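Going by this note's numbering, the first residue of the sequence shown is number 5, and it counts up by one from there. Just so it is clear, CB atoms sit at the ideal spot from N, CA and C, and this is done for glycine as well. Given the structure is predicted, the values throughout are model-derived calculations rather than measurements. The structure under discussion appears below in the form of C-alpha cells.
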Amino acid sequence: MQRRRGGEAAVWLALLLIVAGLQGADPFADWLAGRELFRKEFSEAEGAGAPTPLLRLSDGRPALAMGRAFSCALCHNTPFGDAGAGATIARGGPRIGRSTPHLFGAGAMEQTAQAISNALLGIADRDRDGLITAADAPFAEAVVQDIRFGSFVDADGDGWPDLDPAVSIVCVDAVGGRVPGARGTADPRVAGWWPAVAAFGWGEVPASRSLDPTALRPFIAGAFAQHAGLQADDGAVSQPEPSKDPAVIRSATSASLHGASTWQQSASAGPLGARASPLGARLLPGTIAIDPGGRRAADGRSLDDPDGDGVLSELRRDDLDRIERYLLDHPEPPTALPPPPIFTKIGCAGCHRPDWSFAQPDRRAIRWTWTDSSAIAAPRLPGPLIVTGMYTDFCSHDLGEQLWIHQADGTVIRRFRTPPLWGVASTGPWLHDGRALDLDAAIRGHGAAAAGYSELDPAKRREILDFLAQLRLQRVGDQPQRLGDQPQRLGDQPQRVGNQQR
Ligand code: HEC
Ligand code: HEC
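See the structure below:
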C-alpha cells in the first residue's frame, strides 16, 4: 500500500513537471532572463552592428566600442539597472534630438491602447466580423470615453479614414495577411482593416500603417534591429527574406520556429494569420527581413544575410518572449496624490487624461510583489482594466510651430503623441527633443495649449509643478506591489516592506 502511494505520487509529480514544462516553466525566471537580455552588450560575433554603411569604419567593420554593440540599457537606464528613461539621442542628424522615454508600466500602456483599439473597432465594425469594410458604413464618431480619435470617414479624400495619426490603419487581404504598400482602404487588394492605437513612441513617425508602436513585441524587435543591428527571427514580427529557391524558404521558415514561445494563435483575432501578444494585441508579420540561411561559407556564416554580418538567428523567438515578458511586467510607476483642481481647470487633463477603465475580461499579465530579495508572481485576475494616474489620451496633437520638426526632405512633423506623465519627474530632459531642462519649461513649451499655465499666479503654477514633482519612478527592486485587490488596479500605490503608511 505504502509503495503504491509512492508510485502514485511519482506519477503525479511527473505530470506536474510536464504541465509546468508545457506552460513555459517559471515566469519569474523568464522575467529575469529578459532583464539580462535588456542589459546585455551583444558582441560583433553575435551579429551586433548596424547594417547601414554610415555606421561602419573605413575598413567595413561595424563601428562598435570595444567590438561590442549597444544594449537597451545604454539609453534606458534611469534608474540604472531598470528599463528606465535616458539620454536625448540624435534623430536622423546631429541637430535634432529624440528623448528616451522610460518603460515602466509598458504592459499597462499596451493593454490600454489595445482596449481603446477594441472599442474603436466595436464602434465601426457593425457586422461584427472583426474587420471594418465599406459595408459597415455609415460610421459613427470615433469617440472613446469622450476622447476623439478623429473620424472613420475619408473626408479629405486621401484614401484613408481621417483617424488620429496615432491610430494605425491595418489593411488585410481576404485571408487576413497584411497588404504590403496598400494605397488606401479602397485598394482592391484590401478586404478590410482594423484600427490599432499606438502605445509607444513620441509619434514622430505617424503610426498610420505600421503596427510597430502599438505593441511591445514589434517595438522591441524594431529597437534591436535599429540600435544593435540584431534581427529577430520571429513569425510575429519578421519574415524570411524572399529567396529564389522556394525549398530554401520553406526549410528556413520551419527551422526558425524554434524555442519555447508564449505565442498563440489568437482565438479572438478574427483574420487568419494574425497573432496576438500575451495581452491580446493583434499582430501581423512585419518587415524585418531574416536570413533564409540557404548559402553558407565553410565556417557556417551565411552568405546571403540581409544585414551582411553572416550571423543567423541573431535573436530567437524565445529571446523576444523573455524581453517582452520583462517589459510587459515592468511595474507601473507608483501612483501619487490626485492632481490639484487647477490641472483640470486650465485644460491639462483634457490631453493628459489621468485614468482609463474598461470592463475588459481577459488579462494575462502577471504582476510581481517584491520583498527585499525576491519576487512572488501572481497572475492578474480577470476583471475590469483600471489604470490610474497614467495621464495620456493616446492621441497626437499639434502644439504649434515651436515644436515642429523640419526634416531634411522638406516634410514637417507637426503632431506628437501625448506622453503619459507617470514617472515624469524622473525622466528629464523633457519634450520629444529634450529641449526642456525643467518641468516649467516643458509646460511653457506647449505654446497656446498651456497658455492658461503662463497666466496663472506663481503660487498656482507651483501647485502644478509640485504635483508633477511627485510623479517619480522607483527602482524595481525597491518596489513591492500590493496583490489581490478587487478589482486590481494598475498603478496602485506600491507598498514598501515595513512601511507603516498603509
Ligand atoms: C540609442 C538609444 C536607445 C537604445 C540603445 C534603445 N532605445 Fe528604446 N527608445 C529610445 C528612444 C529615443 C525612444 C523614443 C522613440 C521615439 O522616437 O518615438 C525609445 C523608445 C522605446 C520604447 C517605447 C517607449 C515609449 O513609452 O514610447 C520601447 C518599448 C523601447 N524603446 C525599447 C527598447 C529596447 C527593447 C531596446 C534594446 C533593444 C532599446 N529600446 C534600445 C532610445 C533607445
Ligand atoms: C492639447 C493637448 C495637451 C494639453 C492641453 C497639455 N499637454 Fe502636455 N503634452 C502634450 C503633448 C503632445 C506633449 C509632447 C510634446 C512634445 O514632446 O513635443 C506634452 C508634453 C508634456 C510634458 C513633458 C512630458 C515628457 O515626458 O517630456 C509635460 C510635463 C506636460 N506635457 C504637462 C502638461 C501640463 C501641466 C499641462 C497643462 C498646463 C499640459 N501638459 C497640457 C499634450 C498636451
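- Just so you know, the alpha carbons of Glu114 and Arg300 end up roughly 39 angstroms apart.
- In the displayed model, His356 falls within coil according to three-state DSSP, outside both helix and strand.
- Inter-residue distance for Ala94 and Ile224 is about 19 angstroms (C-alpha atoms, whole angstroms).
- Your pair Val201 and Ser121 checks out as a contact, with CB atoms roughly 5 angstroms apart and the cut at 8 angstroms.
- Short note on Ala219: C-beta not closer than 7 angstroms to any heavy atom of ligand 1.
- Counted as a single uninterrupted DSSP element, the beta strand (DSSP E) harbouring Gly101 occupies residues 101-104.
- Using a 10 angstroms sphere on the CB of Ala412, the tally of other CB atoms stays under 16, which defines it as exposed.
- Counting the other Cβ atoms within 10 Å of the Cβ of Glu328 gives 16 or more, which makes it buried.
- Where Trp35 is concerned, there is no enclosing beta strand (DSSP E), although the alpha helix (DSSP H) around it starts and stops at 31-43.
- A check of alpha carbon separations from Gln474 across Leu443, Asp322, Pro217, Leu215 identifies Leu443 as the nearest.
- A residue is called buried once 16 or more other Cβ atoms fall within 10 Å of its Cβ, and Arg466, having fewer, is exposed.
- Ser214 and Pro222 have their C-alpha atoms some 10 angstroms from each other.
- Sixteen is the threshold: when 16 or more other Cβ atoms of the shown chains lie within 10 Å of the Cβ of Thr422, as they do, the residue is buried.
- Taking every protein chain shown into account, the CB of Ser317 has 16 or more other CB atoms within 10 angstroms, so this residue is buried.
- Every residue with a CB closer than 5 angstroms to a heavy atom of ligand 1 is listed here in chain order: Phe74, Cys76, Leu78, Cys79, Ile93, Arg102, Thr104, Pro105, Phe204, Gly205, Trp206, Phe223, Ile224, Ala227, Phe228, His231.
- With a cutoff of 8 angstroms on beta-carbon distance, Phe46 and His231 are scored as not near each other.
- Uninterrupted beta strand (DSSP E) stretches at least 3 residues long and entirely within the stretch 107-186 occur at 171-176, given in chain order.
- Closest in alpha carbon position to Ser400, among Cys79, Gln149, Val171, is Val171.
- Proximity of the stretch 389-397 to the stretch 349-358 meets the contact definition, three or more beta-carbon pairs being nearer than 8 angstroms.
- Using a 10 angstroms sphere on the CB of Thr116, the tally of other CB atoms reaches 16 or more, which defines it as buried.
- The beta carbon of Leu435 sits closer than 7 angstroms to at least one heavy atom of ligand 2.
- Going by C-alpha positions, Ala128 is about 12 angstroms away from Val148.
- Note on Val416: under 16 other CB atoms within 10 angstroms of its CB, so exposed under the neighbour-count rule.
- In the DSSP assignment, Thr339 falls outside any alpha helix (DSSP H) and carries neither an H nor an E.
- Distance from the CA of Pro343 to the CA of Gly298, rounded to the nearest whole angstrom, comes to 59 angstroms.
- Between Gly451 and Leu403, the C-beta spacing is below 8 angstroms.
- Secondary structure of Gly226 (DSSP, three-state): helix.
- The secondary-structure analysis by DSSP pairs Phe362 across a beta bridge with Leu389.
- CA-to-CA, the gap between Asp311 and Leu288 works out to about 22 angstroms.
- For the options Leu78, Glu459, Asp166, Asp313, the alpha carbon positioned closest to that of Pro199 is the one of Asp166.
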